[in-house]
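A short worksheet on the structure shown next.
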Amino acid sequence: MSAQSRSSFIDITDGLPSLSNTEAITPSAGHATYLGLDNIQGVRPFNITNLNATQFKVKIYNYSNTDIKAKFTFLVRFTNVVNPASSPNHEVEYIVTIKSGSRPPSVFYSVEKSRFFEKDNCTTPGTIGSSVKYVVPARKYTGATQSEADQKALNDLNANGKAYANTNGTCIAGYYNEEKSQAFTPVCSGTDVVYQGANVTYTVPARKYNAPTLVEANQKAMNDIAANGQTWANQNKTGTCVQMYYNEEASYTLYKSDCGPGYIGNSVTYTVPARKYSSSTLPPRGGTPDFSMIVRQDLQENGLALLNSTGTCSVLPSTIYLTISPTTGREAPSNNVIFYKDAAKTQIIYVTNFKVNYKHTPIGGGTPVNKQVIVTGTGIRLPESGTNILLPGTGYQY
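Each residue of the sequence shown is one higher than the one before, counting from 59 in the working numbering.
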């Protein structure tokens with residue numbers, strides 16, 4: 059009897075080992091590439107005289123870090139020397155577990171490496187190259203370590219894959235995308251942290267995508283930009299991320315001030331919205347930035363202009379109501395006079411060149427003196443301290 063491997067795993071006929079069709083059971087079929095064999099020998103071949111069983115000797119190596127269970131199938135041939143045509147064949151299967159680490163001390167074999175490469179030398183307009191798989195078979199290279207052997211296989215892949223695709227691929231109908239790009243403003247993480255610097259451009263190079271039409275190929279490039287552009291910009295920003303501070307909302311009631319004599323202006327509420335102004339500079343003594351000055355400037359430049367352009371003037375009421383506080387007191391400070399257009403004194407008005415008559419008595423006594431001030435505004439603080447009493451006047455009530 060003689061025997062040889064059906065799968066070419068062990069071929070006793072010519073003594074050359076082969077792993078191209080080894081069947082590994084666990085951990086996976088791909089682990090067959092981690093097996094190696096050496097010193098294949100046939101011992102005690104069967105013959106009709108001594109009836110000895112045929113034996114084989116072979117060293118099997120496991121180059122991985124885990125045990126591998128593999129199935130070996132042998133085709134046993136019985137040779138009938140009298141009638142060779144009637145020689146029967148019989149398959150024998152063996153399942154063997156090869157322990158990890160059972161490798162020879164001085165040599166490691168590369169594992170299979172493969173990648174698809176695209177043919178890129180099609181010159182006819184409207185055609186693109188097909189994808190071709192280039193394979194570096196297992197055990198093609200050896201090295202002092204597994205990584206060295208695998209790196210040789212990877213070098214082969216990188217050096218020869220493209221040329222192999224250009225030689226063996228075909229030109230098929232289709233189009234490559236044109237170069238597409240878009241600028242993005244990087245986004246910083248954190249509350250009120252903003253990016254300061256130049257925008258970042260994300261580019262999809264020409265020929266990265268292909269499709270049956272140019273429009274479809276370019277759309278794939280644009281889809282790439284939409285999916286990856288912002289993230290790429292965030293990771294490749296050239297500027298800096300800065301903590302910003304913003305003003306709070308502030309509202310002011312303003313009164314139209316350019317009405318002529320005999321007219322009063324209406325009131326308008328002007329609002330400076332929150333976050334209209336910002337700053338990244340903190341005060342020297344800590345805290346947060348003070349926006350009061352810039353808000354006041356906004357009020358003067360924009361609030362009053364809005365009031366004068368949209369406000370209205372109305373005829374001065376026949377009766378204007380005034381209050382003065384405090385009204386008496388020998389040690390009373392300067393008094394405030396405020397103008398209203400309703401008897402309930404809830405609607406403040408803005409007056410122009412309005413005469414206020416009052417009697418003033420100095421602090422500590424003395425001769426009372428009648429005085430008059432002309433007011434433009436919603437009120438006035440009388441300049442003298444002491445007792446001030448409003449005097450009746452034409453059309454005035456108090």
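Virtual Cβ for every residue (Gly too), placed ideally from N, Cα, C.
Minimum Cα-Cα distance from Tyr167 among the listed residues Pro420, Asn179, Thr185 and Lys210 corresponds to Lys210. In the DSSP assignment, Arg173 forms a beta bridge with Tyr192. Here Leu215 is actually not in contact with Lys177; their C-beta atoms are around 16 angstroms apart, not less than 8 angstroms. Put simply, of Lys429, Ser315, Val165 and Thr425 the residue whose alpha carbon is nearest the alpha carbon of Ile407 is Ser315.
Ala308 sits in a strand when the DSSP states are folded into three classes. For Asn428, the enclosing beta strand (DSSP E) covers residues Val427 to Gly435. Within the same chain, and ignoring the five residues on either side of Ser158 in sequence, the residues whose Cβ sits closer than 7 angstroms to its Cβ are Asn120, Ser122, Asn123, Thr124 and Asp125.
Between Leu340 and Leu312, the C-beta gap is not smaller than 9 angstroms, which leaves the two residues out of contact. Burial is judged here by how many other beta carbons sit within 10 angstroms of a residue's own beta carbon; Leu362 has at least 16 and is buried. Here Leu365 is buried: its Cβ has 16 or more other Cβ atoms, across all protein chains shown, within 10 Å.
Judged by their CB atoms, Tyr416 and Gln405 are not nearer to each other than the 9 angstroms cut-off. Under the criterion of beta carbons closer than 8 angstroms, Asn235 and Asn276 qualify as touching, at roughly 5 angstroms.
Here the C-alpha atom of Ala196 lies approximately 24 angstroms from the C-alpha atom of Glu151.
Going by C-alpha positions, Thr425 is about 31 angstroms away from Val409. Around the beta-carbon of Lys117, fewer than 16 other beta-carbon atoms lie within 10 Å, marking it exposed. For Tyr416, the uninterrupted beta strand (DSSP E) run begins and ends at Val409 to Pro420, by DSSP.
Listed in chain order, the non-local C-beta contacts of Leu212 below 6 angstroms within the same chain comprise Lys171, local neighbours out to five positions each way being set aside. Unbroken alpha helix (DSSP H) runs of no fewer than 4 residues, entirely contained in the region 241-305, are found at 272-293, following chain order. Under the Cβ criterion (8 angstroms, minimum of three pairs), the region 190-205 does not count as touching the region 282-296. Closest in alpha carbon position to Val258, among Val245, Asp250 and Pro347, is Val245.
With a 10 Å radius around the Cβ and a threshold of 16 neighbouring Cβ atoms, Lys295 comes out buried. Taken atom to atom, the span from the alpha-carbon of Ala221 to that of Thr243 is near 40 angstroms.
Under the three-state reduction of DSSP output, Gly424 falls in the coil class, being neither helix nor strand. Tyr222 sits in a helix when the DSSP states are folded into three classes. Rounded to the nearest whole angstrom, the C-alpha separation of Asn179 and Gln293 is 35 angstroms. The residue from Gly437, Val427 and Ile432 with its alpha-carbon nearest to that of Gly444 is Val427. A straight line joining the alpha-carbon of Arg439 with that of Asn394 spans about 4 angstroms. A straight-line Cα-Cα distance of about 17 angstroms links Ser350 and Met302.
Taking Glu237 as reference, the option from Thr182, Ala207, Ser188 and Asn268 with the minimal CA-CA separation is Asn268. Going by C-alpha positions, Asn446 is about 44 angstroms away from Thr346.
Residue environment: Asn305 is assigned as buried (16 or more neighbouring CB atoms within 10 Å of its CB, all protein chains considered). Glu307 and Tyr253 have their C-alpha atoms some 24 angstroms from each other. Per DSSP, the beta bridge partners of Ser239 are Thr261. CA-to-CA, the gap between Lys278 and Ile352 works out to about 49 angstroms. Residue state for Arg439 is assigned as strand, using DSSP reduced to three classes. For Asn366, the enclosing alpha helix (DSSP H) has its first and last residue at Leu362 to Thr368.
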